[in-house]
Amino acid sequence: MKVLRRKKIIMFLAYFLLVALTMLNLANYKWTKEPQQCNQPMQGVNFQSRSDIRYLYKAPQVKKRQLVYVLTTWRSGSSFFGELFNQNPDVFFLYEPMWHIWQKLYPGDAVSLQGAARDMLSSLYRKDVVGMVDEKVCRKCPPQSLQMLEEECLKYNTIVIKGVRILDVNVLAPLMEDPSLNLKVIHLVRDPRAVANSRIKSRHGLIRENLQVVRSRDPKLRRVPFVDPNHKMNKKDGSDYHSIGAMEVICEQMSRTLKTALHPPSWFKGKYMTVRYEDLVENPIKTVRNVYRFVNLSANHDIEIFAMNMTTGPNASTKPFIVSSRNATQAASAWRTVLNYQQIRQVEEYCQHAMSLLGYLRVRTAGEAKDLSRPLLTVPKI
Numbered sequence: 001m002k003v004l005r006r007k008k009i010i011m012f013l014a015y016f017l018l019v020a021l022t023m024l025n026l027a028n029y030k031w032t033k034e035p036q037q038c039n040q041p042m043q044g045v046n047f048q049s050r051s052d053i054r055y056l057y058k059a060p061q062v063k064k065r066q067l068v069y070v071l072t073t074w075r076s077g078s079s080f081f082g083e084l085f086n087q088n089p090d091v092f093f094l095y096e097p098m099w100h101i102w103q104k105l106y107p108g109d110a111v112s113l114q115g116a117a118r119d120m121l122s123s124l125y126r127k128d129v130v131g132m133v134d135e136k137v138c139r140k141c142p143p144q145s146l147q148m149l150e151e152e153c154l155k156y157n158t159i160v161i162k163g164v165r166i167l168d169v170n171v172l173a174p175l176m177e178d179p180s181l182n183l184k185v186i187h188l189v190r191d192p193r194a195v196a197n198s199r200i201k202s203r204h205g206l207i208r209e210n211l212q213v214v215r216s217r218d219p220k221l222r223r224v225p226f227v228d229p230n231h232k233m234n235k236k237d238g239s240d241y242h243s244i245g246a247m248e249v250i251c252e253q254m255s256r257t258l259k260t261a262l263h264p265p266s267w268f269k270g271k272y273m274t275v276r277y278e279d280l281v282e283n284p285i286k287t288v289r290n291v292y293r294f295v296n297l298s299a300n301h302d303i304e305i306f307a308m309n310m311t312t313g314p315n316a317s318t319k320p321f322i323v324s325s326r327n328a329t330q331a332a333s334a335w336r337t338v339l340n341y342q343q344i345r346q347v348e349e350y351c352q353h354a355m356s357l358l359g360y361l362r363v364r365t366a367g368e369a370k371d372l373s374r375p376l377l378t379v380p381k382i
């Protein structure tokens, strides 16, 4: 009982002390409070509704990247055309990334490889480089920092990929339809007869690709023989046959692209541009400016001078896959004096529809082909 009585006395004294301290504090309190004095005038603040407040916490708008694909085929001047972007320090440029797909899946035919090539493009445009890695395969290779490649890619607002292994723009429809990608396609074309001539000159470097493309030909289709009966066959005729035979598939796929361009669906409008190689070498500055404007870039003086120098140089490299300065106008018409008439007729037969739409005129005789004063270029229908 004595212990309980002590506890009560202690609690009473503590309570009494608390009340006394509170009364002392209230004695010094000013019951009439003066307005607060500010040294600087207060700035007006607009009322923020709930939606306005949410807006303040939104992530800042990131400038949308411009993605570009240069759609073309082998020996169309695409290495030079790609350099017009590669020389620009504001552009992240990739050269022929789908080459690895074709090499890995050899001897698959060209048409059956279109889906795999598109999937690789999709990963590249989405900056998913790490996602394409197969650890089992990559163990055999020296260590590479793919994360560093992704980070480097993210520094640029314009990403350009040049490739010859997508044969028809319609293959890219899923990517062009995707609003998150903002993909534009530049279709670089060249006179198919000039392409065939250059393919023959580069036959040793294109053996595998020629075979993959030729395997896509329709085996049931009857073809007209164009070989002169008096012609004596030699060792190089086989590779020449595949070089020109590949033009059948290339031009057939090109025609599908051009038909889409003539009657564009909604996903296609404003996202496709055709560039003729002949126009590029004839008027490089005008063409470069048009191309850059299409992809929301500005062609500076250095890019224009580079284009001029590359199309007016006196010497060209004898190596088929080297970009060098040359008299490009002469190079563009070299096929007229190199191909025989049977070869010209064969290419024209394969490519007549595409040639008509693109403004490439056919020749009726061997003499017409060799008459360099006769122009074979007219206004395109695309």
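Following full-length UniProt numbering, the residues of the sequence shown are numbered contiguously, the last one being 382.
Ideal Cβ placement from N, Cα and C applies to all residues, glycine included.
Because the structure is a prediction, the values reported are computed rather than measured.
Give the secondary structure of residue i by DSSP, where H, G and I count as helix, E and B as strand, and everything else as coil.
i           : result
L105        : coil
Q87         : coil
L206        : coil
L71         : strand
D211        : It is Leu, not Asp, that sits at residue 211 in the sequence shown. Helix at L211.
F93         : strand
L339        : coil
G44         : Residue confidence is low: G44 scores 44 on pLDDT, short of 50, so the model does not pin down where it sits. Its coordinate-derived value is still stated next. Coil.
L297        : coil
A369        : helix
I303        : helix
F81         : helix
I285        : helix
D218        : coil
W267        : coil
residue 387 : Lying before the first or after the last residue shown, residue 387 is absent from the chain, which here runs from 1 to 382.
A334        : coil
S243        : helix
I382        : coil
S76         : coil
So, at 8 Å on beta carbons, what are the nonlocal neighbours of residue i in its own chain, with the 5 sequence-adjacent residues on each side left out?
i           : result
S249        : Per the sequence shown, the amino acid found at residue 249 is Val instead of Ser. So the qualifying residues of the chain are A110, V111, L167, V213, V214, S216 and R217.
A334        : A194 and N197
L84         : V288, V291, I303, F306 and A307
I101        : L113, A116, A117, M120 and R165
K127        : E150, C153 and L154
T257        : L71, D168, V169, N170 and H187
Q87         : D302, I303 and F306
residue 397 : Since the first and last residues shown for the chain are 1 and 382, residue 397 lies out of range.
E278        : R190, D191, A332 and L377
S356        : K381
Y106        : R208 and Q212
So, at 7 Å on beta carbons, what are the nonlocal neighbours of residue i in its own chain, with the 5 sequence-adjacent residues on each side left out?
i    : result
E304 : I285 and V288
G367 : none
V295 : Q66, V68, T158 and K184
A299 : V288, R289 and Y292
L372 : S333 and R336
N210 : H242, S243 and A246
H353 : S255
L124 : L94, P97 and I161
C251 : P192, Y350, C351 and A354
Just list the residues that DSSP pairs residue i with in beta bridges.
i    : result
M273 : I186
L357 : According to DSSP, which records beta bridges pairwise, L357 is partnered with nothing at all.
Q114 : Answer is none; Q114 lacks a bridge partner.
L377 : Y360
Q66  : T158
In chain order, what residues of the same chain have a beta carbon less than 6 Å from the beta carbon of residue i, not counting five sequence neighbours either side?
i    : result
Y341 : A366
P380 : L358 and G359
T274 : H187 and I382
G245 : V214
R276 : V189
3 or more residues per run - each beta strand (DSSP E) lying fully within the segment 122 to 203:
With a minimum length of 3 residues, the continuous beta strand (DSSP E) runs that stay inside the segment 122 to 203 are 158 to 163 and 183 to 189.
State whether the segment 176 to 183 contacts the segment 65 to 77, with contact taken as three or more CB pairs (one from each stretch) at a distance under 8 Å.
Yes, the segment 176 to 183 is in contact with the segment 65 to 77.
Could you tell me whether the segment 86 to 95 touches the segment 150 to 167, where touching means 3 or more Cβ pairs closer than 8 Å?
Cβ pair count under 8 Å is three or more, so yes.
Spell out a yes or no on whether the segment 168 to 179 and the segment 258 to 268 are touching, meaning 3 or more CB-CB pairs, one atom from each, closer than 8 Å.
With a cut-off of 8 Å, the segment 258 to 268 and the segment 168 to 179 count as touching, because enough Cβ pairs lie within range.
With a threshold of 8 Å, are at least 3 pairs of Cβ atoms found where one atom belongs to the segment 74 to 85 and the other to the segment 136 to 152?
Using a Cβ-Cβ distance cut-off of 8 Å, the segment 74 to 85 and the segment 136 to 152 are not in contact, since fewer than three pairs of beta carbons, one from each stretch, lie closer than that value.
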